[in-house]
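Counting with the numbering used here, you get residues 362 to 985 for the letters of the sequence shown.
See structure below.
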Amino acid sequence: MILLGNNPLNCYNHRMPLKFALINMPFGFHIYPSIQLGTLSTLLKSKGCEVKCHYLNLYFAHQLGLPVYNQLCEKRFLVGEWLFSHILFGENPKNLDYPNNFAPHIQEVCQSIERPLDYLLDVKTKMVPEFLEWCRDAGNWGDFDVVGFSSTFNQNIASLTLAKMIKEKFPHIKILFGGSNFESEMGLEYFRVSPWIDYVIPGEAEDILPNLVHYLEKRGPVPKGVVHRCEGEVLYEKPDAMFGNFTEYAAPDYQDFFDQLREIDPESSLLENPVILYETARGCWWGEKHHCTFCGLNANTMKFRSKSMEQVHSDLAELSQKHDSFRFRLVDNILEMKYIDGVFGDLAEKSFDLQFFIEVKSNLTKKQIKTLAHGGAKVIQPGIESFSINQLQEMDKGVRPIQNILCMKWSMYYGIEVNWNILIGFPGETDEDYRQQIDLIKLLFHLPPPECVGDLWLERFSPYFMRPEEYGITIKAPGEAYPYVYDDPEIDHFKIAYDFEFESSVQIDPKLKQELYDIAAEWKKRHQSEQLPFLLFTKSMDFVKVYDDRSLKSTQVRLEGAAAKIFLHCNEAAKTLNQFKEHLKKENIAEAAEDAIKLLEEKGLIYCERGKYFNLALPHNPNL
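Structural data, given as structure tokens:
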């Protein structure tokens, strides 16, 4: 049992049923409902509670204007949190200095929203206070027994502030917090310095929340897994299990989101074929075996659990019918392989018109990508991260550059959009890793470019954070923005931070870094231009013709004999020299294999990695 702080818990008898208000604050995304609130709403209703979800972020989004709000949701350095912070912590020196200290970032934010700094300051000093006062007075909070907040990333201070305002006006209401911002010691620290919070669930809530409901209805001991106050102490006892019976959970309840969106904007395009969030699995099937070194997702609940195919089909059908939608965003860390045939294969076979955003591991085969495409996968996020073998090994990704390339090639061929970034700044990386990537990228201009090149972000719960000495990392401080946003001497910033400043011994040539930034930017620019780069091939009975416009100098290459056959043989999957020779035996030209490979490499038409070769070009034939 952990003992922290003070303030007594006031135990009391409750009428039945308990009434819950669940609140989603800025800067939670406005384009789709919260799966956290939707899941908890379903759960609480199944336990006999009355539940109302309040999507207050929708109101603020429409007040700001949707393009501006959407941009602010995505920004780093806690800019969204800073806009709300002075109400909770006051206009303290560091808070006031935030725009100066983060001037380049603020300038980038202002450019993205096409507004001057004065606009952001007006949002902070005028719009935010008015919005919070409206939230406090417009919610009929006194009608509820419990007001709950699920806090994720840039909606934390807005949530804490409104919770305090509600508690001050309605002292009898119990305030409950959970979500990724309240995982582990983060939740304990926020609870310690926020006496207006009555309960925190610092982990998965679904198995713990029903026990809390029972406690509030019947009294008795506060259940394990709930942080609470009693007789001058803050108490927390870990639950028996850090993860719950995920497979038993029903489909999330999103009705309040759509009702409120219709009220705010009856003509909203978001009501036409809306995006529905759904999770087929929880935890990470790869991370359970090999935790990617930089990944802080899942906190202490890496344990992988997945729903049955039957349940997934049933839930998708229910959500599609209820919300008149064909579009889904799966929030799984990585799609489990069984769902490719078991779910997407079935959707393809029955010719349904559902569309999906999914996160996948990039070690997919052409056949699997085809199945995903025909089953409705429109956008994938394959976690490519790098084209350096060394860097991918350092990440413990379990994939190689050649697999990343195959994934990108066949996704593009089958019309799947690929979302990915290049990550740099890893312990153990070398100048050669950068040179390798730069040289390879020159051959890949016809494939989908990265969104950006970004520096490693040291995340809480990642192996880098949990075992820094193992990787030659020194953690220096919480993320730079925390002291400026959470400007309160009572708060331990190390305990609330999700990202951290760090040092490692690696020193990369700045010129190489800049060259990588430049070539990635050029890659993206080419795909935004009228002259899209391409690398295509057509084949006849006895020859292959390749059309190459990757370098703005359109060329054609005619391949015959061994070169043509090798080129085609490694089109769908990577092959070795011995496999090529075996393939060419039938034509009695096996001895020509090595010269043919040399020619294809000189032309930049195939990529070699540790003795395996892969065809980089896309087939012109649409029927593969």
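Note that CB positions come from ideal geometry on N, CA and C, so glycine has one too.
Computed from a predicted model, the values in this text were never measured in an experiment.
Buried or exposed: which applies to residue i, given that a residue is buried once 16 or more other Cβ atoms fall within 10 Å of its Cβ?
| i | result |
| --- | --- |
| Ser407 | exposed |
| Arg553 | buried |
| Cys798 | It should be noted that the sequence gives Gln, not Cys, for residue 798. Label assigned to Gln798: buried. |
| Met756 | buried |
| Leu482 | exposed |
| Asp685 | exposed |
| His944 | buried |
| Ser541 | buried |
| Gln917 | exposed |
| Pro584 | buried |
| Ser630 | exposed |
| His651 | exposed |
| Asp794 | buried |
| Gln682 | exposed |
| Asn694 | buried |
| Cys372 | Its pLDDT being 40, under 50, Cys372 is placed unreliably by the model, and nothing is read from it. |
| Ile363 | Bear in mind that a pLDDT of 42 at Ile363, under 50, signals an unreliable position, so the number given afterwards is only what the model happens to contain. Exposed, because fewer than 16 other Cβ atoms sit within 10 Å of the Cβ of Ile363. |
| Pro582 | exposed |
| Met902 | exposed |
| Gly548 | buried |
| Met377 | exposed |
| Ser749 | buried |
| Pro532 | exposed |
Compute the Euclidean distance between the alpha carbons of residue i and residue j, then round it to the nearest angstrom.
| i | j | result |
| --- | --- | --- |
| Lys926 | Ser915 | 23 Å |
| Glu546 | Ser823 | 15 Å |
| Phe381 | Ser712 | 41 Å |
| His415 | Ser446 | 21 Å |
| Lys874 | Phe941 | 37 Å |
| Ala734 | Glu624 | 36 Å |
| Tyr459 | Lys668 | 45 Å |
| Lys485 | Gly389 | 17 Å |
| Met827 | Arg821 | 8 Å |
| Val508 | Ile852 | 24 Å |
| Asp568 | Gly605 | 6 Å |
| Asp702 | Thr732 | 7 Å |
| Leu673 | Leu680 | Position check: residue 673 holds Val in this sequence, whereas Leu was assumed. Roughly 11 Å separates the two Cα atoms. |
| Gly399 | Leu405 | 10 Å |
| Ser402 | Lys579 | 21 Å |
| Thr662 | Pro563 | 11 Å |
| Lys487 | Tyr430 | 16 Å |
| Gln614 | Asp707 | One detail in the question is off: residue 614 reads as Asp in this sequence, not Gln. Cα-Cα distance, rounded: 25 Å. |
| Trp884 | Gly744 | 18 Å |
| Tyr832 | Thr791 | 15 Å |
So the candidates are the options; which of them puts its Cα closest to the Cα of residue i?
| i | options | result |
| --- | --- | --- |
| Glu592 | Asp559, Gly776, Lys579 and Val574 | Asp559 |
| Leu913 | Met902, Glu921, Leu896 and Lys906 | Leu896 |
| Met773 | Leu784, Ile802, Lys739 and Ala642 | Lys739 |
| Met769 | Leu784, Tyr639 and Pro810 | Pro810 |
| Trp818 | Glu746, Lys803 and Thr791 | Glu746 |
| Thr987 | Lys664, Tyr615, Ala660 and Ser630 | Shown here, the chain extends from 362 to 985; a query on residue 987 therefore has no answer. |
| Leu986 | Lys487, Phe463 and Val905 | A question about residue 986 goes unanswered here, because the residues of the chain that appear run from 362 up to 985. |
| Val588 | Leu570, Lys579, Phe604 and Glu578 | Leu570 |
| Leu893 | Leu808, Trp557 and Lys455 | Leu808 |
| Gly648 | Ile384, Asp910 and Gly759 | Gly759 |
| Ile384 | Lys959, Tyr420 and Ala678 | Tyr420 |
| Ile518 | Arg911, Leu449 and Ile719 | Leu449 |
| Asp956 | Lys528, Glu598 and Phe928 | Phe928 |
| Arg796 | Pro762, Arg887, Gln742 and Glu876 | Glu876 |
Mind checking which residues open and close the alpha helix (DSSP H) that includes residue i?
| i | result |
| --- | --- |
| Ala923 | Gly922 to His930 |
| Asn517 | Asn517 to Lys530 |
| Cys768 | Pro762 to Tyr774 |
| Ile480 | Note on residue identity: the sequence assigns Tyr, not Ile, to residue 480. Here the alpha helix (DSSP H) through Tyr480 covers Leu478 to Asp483. |
| Asp506 | Per DSSP, Asp506 belongs to no alpha helix (DSSP H) and is neither H nor E. |
| Ala881 | Pro871 to His888 |
Hey, could you find the ends of the beta strand (DSSP E) residue i is sitting in?
| i | result |
| --- | --- |
| Tyr597 | Glu594 to Tyr597 |
| Phe904 | Phe904 to Asp909 |
| Pro839 | Ile834 to Pro839 |
| Cys645 | No beta strand (DSSP E) holds Cys645; DSSP gives it neither H nor E. |
| Phe718 | Gln716 to Glu720 |
| Asn976 | Lys973 to Asn976 |
Does the beta-carbon of residue i, which I'm using as the reference point, lie nearer than 6 Å to any heavy atom of the ligand FMN?
| i | result |
| --- | --- |
| Ala858 | The ligand FMN is absent from the structure shown, which contains no ligand whatsoever. |
Legend entry - Touching by the beta-carbon criterion (3+ pairs, under 8 Å), the stretch 385 to 403 and the stretch 613 to 624: yes
Legend entry - Touch test, the stretch 491 to 498 against the stretch 511 to 518, Cβ-Cβ under 8 Å, three pairs minimum: no
Inset, instruction - Assess, as a yes-or-no matter, whether the stretch 431 to 441 is touched by the stretch 636 to 646 under the definition of 3 or more beta carbon pairs within less than 8 Å. - result: no
Inset, instruction - Decide if the stretch 420 to 438 is in contact with the stretch 467 to 482; the criterion is three or more beta carbon pairs, one per stretch, under 8 Å apart. - result: yes
Inset, instruction - Evaluate contact between the stretch 448 to 468 and the stretch 499 to 507, counting only Cβ atoms and requiring at least three cross-stretch pairs below 8 Å. - result: no
Inset, instruction - Could you tell me whether the stretch 830 to 838 touches the stretch 860 to 867, using the rule of 3 or more Cβ pairs below 8 Å? - result: yes
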